[in-house]
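Trainee: I am attaching a structure below and will ask some questions about it afterwards.
Chains as they are written, first to last, in my numbering: chain A, 66 to 240; chain B, 125 to 599.
Here it is in structure tokens:
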């Protein structure tokens, strides 16, 4: 997750709109925001913070393609090469009949691949200890974390900026 | 920024705040099981045990204990299988198709509906295993290299497609459900008072902390899973219908089957969601989350799909006559006027006439009527499958082999097994997991809750508190 012993300034907000507006305000003052934690998805928050757009969609396409190719290989090998059989007077290898298999395997591979990618890319796993600046961020609070070592401004300056942007509580945490 | 018109009725009533949502939903997970829950659970387990005994005997003795005969080789087993799979369509429809259509009312019901889907598919799968007779050979349905030579499963067969469709549907539904659960599990983890529940929910929550980056990916993966599940949910019952439609039995061999089965599946699935949600909303005091608005929306879908099913019945009948195939015509005339006329008319009454009552707004918004009609719809949908399967088979080409089907106690007992299984699983879910998707409900709260201030983007809290709009709302 993060390197040990980093100092973070933590601002707790009460409202998602206020938090989003605060991110824009603090960003424009030249402060780098580490992350904002919220109990639900706030649209546009990742863009406001300046996170790059997620590329998880590319992974989806790759997994889907893998599944599709697996289905083609499986049906071609079993029905056409390993043990060809004439069924219902049709060609042993009749692809239109395998469309359901191709579709299902494409979906299956994409779904599993995406879910695994999702957990891995977020660093989530059964034994992972969550990095929680404030445990209320999974309930009703919106928590902003600013990495003090990554910012040139002084702690007091940033704190007053965060306070002015509508934060209810401002504190410093060592992680 | 999404702004909802003030004329829209709120999705969540009672002026709930974010903290209220957490409290209302977590309460039932954190509290001790109530007396009612224990009684309901005990009944489910007893039913399940009785069903397990029947199922044990079915497998021990063989399928001869069922009422099947040489003419009617498929009866309650496949009827029950199709019925349960159909019910299992509503959950993914709600969470996937309604997500793509941006129907925000789905957020209050998607969690429970998806759970229902998963459990219904488990029940359906149990009938697949049952009708195999030798469940220890179930893996023969998979394309595995075997020791009897390099003979593979037949990929031209709809029964093999079905194996792929249902197992894919089941696993994708589980994934979709679990990914949606993770943020809520984290909420429970952070509230947990004792070590055991903190450990269990913490492990399941996978270290979720709700960072903006994670949420962005979460939204993206939800969209992708929804996009995948939408054709998937339609493919499942399409393929189930092909089990029948690709055969050459009069009454089964029709091209209308896929859309007709899918509409029927959504129809019965929503009826089951109604039944479960109407009970859950009273037991867990969720009236503010599952409002009359939600009930009405679902009833509209029931009326729509019920009407599609009705049109399909009439089309089938018309085509049977219009095709000029006498075997086909006979199969349909026999359905309506033969020895199984009562099943046919039960199906017609329950599925075609009863949902039309929902054209009345007061009936649509009545809890009692909704519950009653939902039960009727599911009885009707069971009869639909019974009519399709048994009445198409029982009078085949040679009159000397015509026969009737009568269920034995094992046919009935195995059906009871599925109810016990479904009830037990659903009760465990409703006690130990949040029945409403808290994170998604919180997301729609702002645009809908009447008490909270209107969206004023970019205004600081201090300014907003001073604004007249807030004061007016707070009153």
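Where a beta carbon is used, it is the ideal one built from N, C-alpha and C, also for glycine.
The structure presented is a predicted model; accordingly, all values stated were derived computationally and were not measured.
Where DSSP assigns a beta bridge to residue 74(A), which residues make up the other side?
Mentor: Walking along the first chain from the start, residue 74(A) turns up at place 9. BP columns for residue 74(A) point to 211(A), 237(A).
Trainee: Pull out every residue of the segment 279-292 of chain B whose Cβ sits closer than 7 Å to any Cβ of chain A, in chain order.
Mentor: Residues 279, 280, 285, 288, 289, 292.
Trainee: Let me check understanding here. Comparing Cα to Cα, which of 232(A), 194(A), 207(A), 172(A) lies closest to residue 669(B)?
Mentor: The displayed coordinates of chain B run from 125 to 599. Any statement about residue 669(B) would go beyond what the structure contains.
Trainee: Does the beta-carbon distance from residue 250(B) to residue 545(B) come in below 8 Å?
Mentor: Counting from 1 along the second chain, the entry for residue 250(B) is found at position 126. Counting from 1 along the second chain, the entry for residue 545(B) is found at position 421. Yes, they are a contact pair.
Trainee: Start and end of the beta strand (DSSP E) containing residue 100(A)?
Mentor: By one-based count along the first chain, residue 100(A) stands at place 35. Per DSSP, residue 100(A) belongs to the beta strand (DSSP E) from 100-102.
Trainee: Have a look at 204(B), 200(B), 241(B) and flag the residue whose alpha-carbon is nearest the alpha-carbon of residue 219(B).
Mentor: Here residue 219(B) refers to the residue found at position 95 of the second chain. Residue 241(B) is the option with its Cα nearest to residue 219(B).
Trainee: Which of the three DSSP states is assigned to residue 371(B) in this structure?
Mentor: As a position in the second chain, residue 371(B) is number 247, starting the count at 1. Here residue 371(B) sits in coil by DSSP.
Trainee: Output the distance between the C-alpha atoms of residue 517(B) and residue 473(B), rounded to the nearest integer angstrom.
Mentor: The sequence position of residue 517(B) within the second chain is 393, counting from 1. The sequence position of residue 473(B) within the second chain is 349, counting from 1. So the two alpha carbons sit approximately 23 Å from each other.
Trainee: For residue 525(B), which residues from the same chain have a beta carbon less than 8 Å from its beta carbon, with the 5 sequence-adjacent residues on both sides left out?
Mentor: Sequence index remark: in the second chain, residue 525(B) carries index 401 (1-based). So the qualifying residues of the chain are 194, 195.
Trainee: Have a look at the DSSP bridge pairing and note the partners of residue 335(B).
Mentor: Residue mapping note: residue 335(B) aligns to position 211 of the second chain, counting from 1. Answer by DSSP bridge pairing, in chain order: 102(A).
Trainee: Grab the span of the alpha helix (DSSP H) containing residue 233(B) for me, first residue to last.
Mentor: To locate residue 233(B), count along the second chain from 1; it is residue 109. First-last for residue 233(B): undefined, no H or E at that position.
Trainee: Closer than 7 Å by beta-carbon distance: list the chain A residues that pair up with residue 334(B), in chain order.
Mentor: Within the second chain, the letter at position 210 stands for residue 334(B). Here the neighbours are 102, 103, 104, 202, 203.
Trainee: Closer than 8 Å, CB to CB, is residue 147(A) near chain B or not?
Mentor: Mapped onto the first chain, residue 147(A) falls at position 82. Taking Cβ atoms only, chain B reaches closer than 8 Å to residue 147(A), which makes this a yes.
Trainee: When you compare the CB positions of residue 391(B) and residue 433(B), do they come within less than 8 Å of one another, or not?
Mentor: Here residue 391(B) is taken as the residue at index 267 of the second chain, counted from 1. Here residue 433(B) is taken as the residue at index 309 of the second chain, counted from 1. Result yes, Cβ atoms of residue 391(B) and residue 433(B) sit closer than 8 Å.
Trainee: So that I know if they touch, is there some Cβ in chain B lying closer than 8 Å to that of residue 236(A)?
Mentor: The residue given as residue 236(A) occupies position 171 in the first chain. With 8 Å as the cut-off, residue 236(A) does not count as an interface residue toward chain B.
Trainee: Under 7 Å Cβ to Cβ from residue 414(B), same chain only, skipping five residues before and after it: list those, please.
Mentor: By 1-based counting over the second chain, the position of residue 414(B) is 290. So the qualifying residues of the chain are 232, 233, 401, 405.
Trainee: Verify whether the separation of the beta carbon atoms of residue 565(B) and residue 145(B) is less than 8 Å.
Mentor: Within the second chain, residue 565(B) is the residue found at index 441, counting from 1. Within the second chain, residue 145(B) is the residue found at index 21, counting from 1. Yes, these two residues count as a Cβ contact at 8 Å.
Trainee: What residues in the segment 204-220 of chain A bring their beta carbon closer than 8 Å to a beta carbon of chain B?
Mentor: Within the segment 204-220 of chain A, the qualifying residues are 204, 205.
Trainee: Can you tell me the Cβ-Cβ gap for residue 289(B) and residue 363(B), rounded? I've got them flagged as a contact below 8 Å.
Mentor: Within the second chain, residue 289(B) is the residue found at index 165, counting from 1. Within the second chain, residue 363(B) is the residue found at index 239, counting from 1. Between residue 363(B) and residue 289(B) the Cβ distance is about 4 Å, and since that is below 8 Å, they are a contact.
Trainee: Any C-beta of chain B sitting closer than 8 Å to the C-beta of residue 193(A)?
Mentor: On the first chain, position 128 is the one that residue 193(A) refers to. Yes, residue 193(A) counts as interfacial toward chain B.
Trainee: Along chain B, which residues have their Cβ under 9 Å away from the Cβ of residue 152(A)?
Mentor: Here residue 152(A) is taken as the residue at index 87 of the first chain, counted from 1. Within 9 Å Cβ-Cβ: 278, 280, 281.
Trainee: Going along chain A in order, which residues have a C-beta closer than 7 Å to the C-beta of residue 301(B)?
Mentor: As a first step, residue 301(B) is located in the second chain; it is residue number 177 there, counting from the start. Within 7 Å Cβ-Cβ: nothing; residue 301(B) doesn't reach chain A, min ~11 Å.
Trainee: Any Cβ of chain B within less than 8 Å of the Cβ of residue 186(A)?
Mentor: Within the first chain, residue 186(A) is the residue found at index 121, counting from 1. Yes - at least one Cβ of chain B is within 8 Å of the one on residue 186(A).
Trainee: Flag this pair as yes or no: are the beta carbons of residue 187(A) and residue 341(B) separated by less than 8 Å?
Mentor: In the first chain, counting from the first residue as 1, residue 187(A) sits at position 122. In the second chain, counting from the first residue as 1, residue 341(B) sits at position 217. Contact: yes.
Trainee: Are the beta-carbon atoms belonging to residue 215(B) and residue 238(B) less than 8 Å from one another?
Mentor: Here residue 215(B) refers to the residue found at position 91 of the second chain. Here residue 238(B) refers to the residue found at position 114 of the second chain. Their beta carbons are under 8 Å apart, which means residue 215(B) touches residue 238(B) by this criterion.
Trainee: Have a look at residue 492(B) and residue 547(B) and give me their C-alpha separation to the nearest angstrom.
Mentor: Counted from its first residue, the second chain places residue 492(B) at position 368. Counted from its first residue, the second chain places residue 547(B) at position 423. The alpha-carbon atoms of residue 492(B) and residue 547(B) are separated by roughly 21 Å.
Trainee: Use the C-beta contact count for residue 194(A): other C-beta atoms within 10 angstroms, 16 or more gives buried, fewer gives exposed.
Mentor: For the purposes of this step, residue 194(A) is taken as the residue at position 129 of the first chain. With fewer than 16 other Cβ atoms within 10 Å, it is exposed.
Trainee: Taking the alpha carbon of residue 154(B) as the reference point, which residue from 171(B), 188(B), 318(B) has its own alpha carbon closest?
Mentor: Counted from its first residue, the second chain places residue 154(B) at position 30. It is 318(B).
Trainee: Taking only three categories from DSSP, how would you classify residue 198(A)?
Mentor: Within the first chain, the letter at position 133 stands for residue 198(A). Note: residue 198(A) maps to coil in three-state DSSP.
Trainee: Shortest alpha-carbon distance to residue 125(A) belongs to which of 441(B), 426(B), 345(B), 158(B)?
Mentor: For the purposes of this step, residue 125(A) is taken as residue 60 along the first chain, with counting starting at 1. It is 345(B).
Trainee: Check distances from the C-beta atoms of the segment 310-337 of chain B to those of chain A and list, in chain order, the residues that come in under 9 Å.
Mentor: Those would be 310, 311, 312, 313, 314, 315, 326, 327, 328, 329, 330, 331, 332, 333, 334, 335, 336, 337, in chain order.
Trainee: Assign residue 96(A) to one of two classes, buried (16 or more other C-beta atoms within 10 Å of its C-beta) or exposed (fewer than that).
Mentor: Working through the first chain from its first residue, we reach residue 96(A) at position 31. Classification for residue 96(A): buried.
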